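Residue 991 is where the sequence shown starts when you use my numbering, and the numbers rise one by one after that.
The beta carbon of each residue, even a glycine, is placed where N, CA and C say it ideally should be.
Owing to the predicted nature of the structure, the values given are computational and were not obtained by experimental measurement.
These notes are about the structure you will find just below.
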Amino acid sequence: MTVGVTRDAATGAPRVAAVIPAYRQPGLLGEAILSVLRQDSAARAVAVVVNDGCPFPETLQTALSFSRAYPGLVYVLSRRNGGLSAARNAGIAFALQAWPDLEAVMFLDADNRIRPPFLSRALAALSAAPAEVGWVYPDIDMIGLPESWSMRGEFSHLVLLATNYCDAGSVVRGALLRDGLRFDETMRDGFEDWDFWLRAAETGHRGQHLPMAGFQYRRRGESMVSQAGRKRSAIIHAMNQKRKAFLLPRNLQSLEAREAPRFAILHPGDTSVRFTPDPAIEGATTPLAKAAARLQAFLAAPGSLHFPAVLCSLSRPTMAVLAEALVLPSVFWLIQVLLRDSSIVSVFLKPSPGPTVRVNMRASDAISPPAEAAAVLAVRTIDLKRPLAPPHESWPVQIHTDSNAHARVDIAVPEDLLNSGDTLAHGVQAALADLIAALSATRPASEREWRRDNRPPRNDLLALYEQICGVGALLPTQRPTDSRGEIGFLIPIHAFGGVEKVVTNQARVLRACGYRPHLFLSSTSSFLLTAETRAAFVSVNPLQCPGFDGDMKGYDYFGAPMSGFERTGGGGAAPDVLGLLCGMNVIINTHSLGGHGIAARLRDLGVRMMVGLHLVERDQLGAPIGNPHMALSYEHAYERFLVISHQMWAWCIAHGVPEAKLLLIPNAPSYAPRDDRETVQALRGARREGPLRVLFLGRLDVQKGIDRLAALIRATTGPTFEWRVIGAKVLRDEDGAAPNLGLAVEPPLHDPAALDAAFDWADVLILPSRFEGVPLTALEARRRGVVVVATRVGAVAEAVTAGGFLVDPSASEAAIHAAFLDILTRLATETDFLRTQAQLAAQAETISWEQSMAPLLRVLAQQ
C-alpha cells in the first residue's frame, strides 16, 4: 500500500485537503485515496474520507486501513447518510477546523482519481491568480467509457448558467470556503456541484481553467449522473428558482456587458473594431488585426472563448441618424432577430415626408446584389468559418451557409435627418471586406485541442437567454449608472391623439426625474418624430409582430375581448417580444390588448407592470366597451392602475379593482403655457367684431362625433359662423371614410406655437364626441380663453367647468343637434355673453404634468 507515496505527516501542515465522500464504492475508494497520496510532496495533500452512512462495511474498513497505514495523511469521518452535499460539507468543516490556514480543498468522488502533479499545479495556479479566482477546474478525461472533454478558455459566468463545465473535481481556494460557501444539502438528485459553482460566481468569484490537469473521471453506463440527467429539467428549475432574482434578464444584461458583448461594430475609416453590448455606447476597441486573430481563434474553438455574435458595418453618420430618429436600439434588436434565420441583414435609409419614421423588415430567399447601397450590413460571425467568395462586383461580401437567406430592413426617416444616401453607405461593404481579408490573412492557432469541446458557442446569447429566461432577442440598451431605471410605455400607435400626448408628457416628466423612458408600439411600424417625442423618449421600438393586439376568437371576459397572443405565441414571436420588453424596470401598458396577454409573464421576469386607463368607449349601439373592460380580465397581473379622472377611478372600484391599486394621474395640457392667465383674459376681453369662429381639433373618427360635426357645419353656413377643422382620420373604424364636411380639412398640428395660434383664432372649441376621457384639447383651449362646447361624456365635466357648455348625450340625435346649435347661436349673437364665458374659461386652473405625476413618482421610488 505504500507504493508511490513520497511523504508522511512529518513534512509539515497540509496545503490542500481532498474531501472524498464514500457511499457504495468500497472497491474503488482505495484508488481515489492512493491518487491523493501519490501527489508530489510540494502539494502537501491530505485525504479526508467521509463515510456517508454507507451500508457496505468494506467502505469503512478500507478507509480505516488507509488511515492506520498513513497517519496524518488520511482522515476518516463517519456520519449518517445525508447525501453527497452533506458529506462534502462535513469534510469542509473538518478540514477548516483542523487546519485553519489551509490553502485549498479539492472534492474527489470515490470512483474518480487524479494523477500527479494535479494538486501542486492547482495550488500554484491559485497562488498566482488574483483573489477573485476562487477555484481552478480541469479538463475531464474519462475512464471506463473513454472520452475526453476540453474545458479550456476563458471562464464565463454566462456560459456556466447554461451548462456546467466545472467538475466537482476542482480545487477551491480555502478563503472562499472560510467565507461560508457550502453545498446545498437539500439537493440530493444531482447537479449540486453546478449549483455550488453558480453560487460561488454570484459572490463575485470566478474559476480558472487548469490545462493538462490529470483528472480522471469514471464513466459508466449507469450512475448518479445518469439519474440526474433523467431529472434534469426538474432539477434545473429548482436551481433557477433559488436564484430567480439574479436570473432576471436585465441582470443578465449587466453580466453580458462585462463578459460577452453581443456586437462587433466596424466603422468605415476606423482601424479598430468596437465590442459593445449596446451600439449607443463605445465599448472596448480592438485593433483590426487583433480582432481578426481573436475571431480566428473563436471560429476554431467557439466553446472556449467569446467573440460577438453579430458583426455590423455602418458609418458613424448612420449611427447618428438612427439615434436621432430614436430607432438605434430597435434596429439592432431587429438585426438579432433576423440573423437567426438569415446570413446577412441589410438596412436601407430613405427619406420620409413630414415627421414620420417607419421601420419595415422583410426577408428574401437568397442573397442578391442590392439595387442600392445598404447603410448597415450585419452578418453572423459563426458563418465566417465557411468559405467566402465575392459573387458580384457591387456586392463584394457574401457569406456561404446552408441557407443563404437575406433579410432587409427599410427605414424611412424625416428628410432633414439625412445627408446624402451615398455618404451614409460609403465604405460599409469595404469595412466588412477589410475584416474578412484580415481574417483570411490570420493563421489559425497552431495548438490543436485533441479533447472534444461539447460546450455551446459562447456568443450564442439568443439561445442562452431563451434557455435561462424563456426570452428571445433582448433590446440592446444598457442602463447608465446615473439612471433611476428603464420605463417602457406600451401603446398601439403614436399619431395625432390625446392618449399619445398623455403618454408623451408622462414620459417627459419621468425623463426629467432621471428615468429613461422607451416607447413600444404594438400595432404599427411607424410613428411621429416630433420635438416632444425626442424630449420624452430614449428610444421608440415597433414590436414588428402583426396580430399582437388580436383577440382570442370566441373568448371574452363579460363581453370584453381577451388577448390571443399568449395562447398562440404570435406564431413563435413571443420570446422575441418578451425579449424586447423584459429589460424594462417598469412597463405602463396603455391600450395594448397583446400587452395584457403577456403582462403576467413580464411580471415574472421582474418587470413592474402597470396599466393606463383613459376612457370607456361605446360601440355602435352605445354599449360600454373598451380598454378598461379588457384590463379587468388581467387585473391580477398589474401592480397599479393609472387613471386620468375621478370618473375612471370610481368606475374601476365599481368593477372590482382594489382601491389600493389605483393611482390618479389627472390629465394636464400637453404643452407649457405661453402666457399667464391675466394676459389671456385681457386678450379675450377685447372682443373683435365678426363671425363666431368655431374650431374642431382632433381625430376624424367615429368617437369624436364627426357625423354630428358635419351636420352642425351644414346648419351654420353663412356670415354668422366661420369654421376650421384640423385633424386626420387615424383609427380603422368600420364606418370607412370620414363624412364630407363641406370645407377643407387642415392637417394635424404638433408644434405648440401652431396649436396656440389655432386656439387664439377660435372663439369656440366644439367636441360633439360619443365618448371621451379627459380631452386635452379642452384643457388647452380653455387655457387660451376658448369656450368649449361638448357632450357630457366620460370625464369631460372634470375638464369643462365655468366657461364652457355640456350637452346631454342621452338625448336623441335631433335633440343633441338642436342643443349644440342653440349654444353656438347664442354665443354668435350675444357678444357680451361670449366675452364673459371666454374670460371665465381663461380663469380656469390647470394642473401641470409635474404635479399630476407626483403619485406615480412616489410609487416608483418605493422599489
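Outcome for residue i when other beta-carbon atoms lying within 10 angstroms are tallied against a minimum of 16
i: Y1545; result: exposed
i: R1774; result: buried
i: Y1547; result: exposed
i: W1639; result: buried
i: S1800; result: exposed
i: E1803; result: exposed
i: S1529; result: buried
i: M1574; result: buried
i: E1736; result: exposed
i: Q1468; result: buried
i: P1447; result: buried
i: P1004; result: buried
i: D1472; result: exposed
i: P1239; result: buried
i: D1812; result: exposed
i: Q1388; result: Note that Q1388 scores 48 on pLDDT, short of 50, meaning its location in the model is unreliable; the coordinates nonetheless yield the value given after this. Counting Cβ neighbours within 10 Å, Q1388 comes out buried, since at least 16 surround it.
i: R1431; result: First, the amino acid is wrong: residue 1431 is Ala here, not Arg. A1431 comes out exposed.
i: M1202; result: exposed
i: E1649; result: exposed
i: N1071; result: exposed
i: A1844; result: exposed
i: A1747; result: exposed
i: S1138; result: exposed
i: L1850; result: buried
i: A1744; result: exposed
i: S1842; result: buried
i: H1604; result: buried
i: L1857; result: Given a span of 991 to 1853 for the chain in the structure shown, any question on residue 1857 remains unanswerable.
i: A1805; result: exposed
Residue i versus the options, residue with shortest Cα-Cα distance
i: T1875; options: R1252, L1652, A1644 and T1276; result: This structure leaves residue 1875 out entirely; the chain is present only between 991 and 1853.
i: S1838; options: D1822, V1849 and A1662; result: A1662
i: M1309; options: T1523, S1294, E1272 and R1330; result: E1272
i: I1010; options: R1608, V1038, G1020 and H1807; result: V1038
i: G1475; options: R1220, Y1505 and I1426; result: Y1505
i: F1205; options: V1647, G1159 and A1053; result: G1159
i: E1668; options: N1154, S1333, A1834 and A1808; result: A1834
i: G1869; options: L1050, W1125 and A1083; result: Nothing can be reported for residue 1869: it is not among the residues displayed for the chain, which extend from 991 to 1853.
i: A1421; options: V1263, C1044, G1732 and A1121; result: V1263
i: R1593; options: R1608, M1620, G1549 and E1629; result: E1629
i: V1040; options: A1059, A1032 and Y1065; result: Y1065
i: L1817; options: A1789, V1777, D1798 and Q1853; result: V1777
i: G1293; options: L1054, G1417, D1450 and W1440; result: D1450
Contact check, residue i vs residue j, beta carbons under 9 Å
i: V1403; j: A1526; result: no
i: H1484; j: L1509; result: yes
i: G954; j: Y1624; result: Here the chain comprises residues numbered 991 to 1853, so residue 954 is not present and cannot be evaluated.
i: R1284; j: L1295; result: yes
i: P1269; j: L1465; result: no
i: F1823; j: L1702; result: no
i: P1565; j: E1405; result: no
i: L1830; j: G1793; result: yes
i: G1017; j: E1093; result: no
i: L1237; j: I1577; result: no
i: I1615; j: V1606; result: yes
i: M1599; j: A1627; result: yes
i: A1235; j: N1241; result: yes
i: P1765; j: V1779; result: no
Paired residues, beta bridge with residue i - DSSP
i: A1402; result: K1340 and R1348
i: F1548; result: DSSP output for F1548 lists no bridge partner at all.
i: R1683; result: E1712
i: Q1198; result: V1126
i: E1736; result: I1716
i: S1320; result: Looking at the DSSP assignment, S1320 forms no beta bridge with any residue, so it has no partner.
i: S1759; result: DSSP, once it has assigned bridges, lists no residue as partnering S1759.
i: L1817; result: According to DSSP, L1817 bridges with nothing at all.
i: F1265; result: A1254 and A1274
request  = Starting from the N-terminal side, write out each stretch of the beta strand (DSSP E) that is 3 residues or longer and does not extend beyond the region 1116-1194.
outcome  = Listed in chain order, they are 1123-1128, 1130-1134, 1137-1139 and 1161-1163.
inquiry  = Runs of 3 residues minimum, wholly inside the region 1270-1305: which ones carry the beta strand (DSSP E) assignment?
reply    = 1274-1277 and 1300-1304
Contained alpha helix (DSSP H) runs [length at least 4] in the region 1498-1574, N- to C-terminal order = 1521-1526, 1555-1558 and 1564-1571
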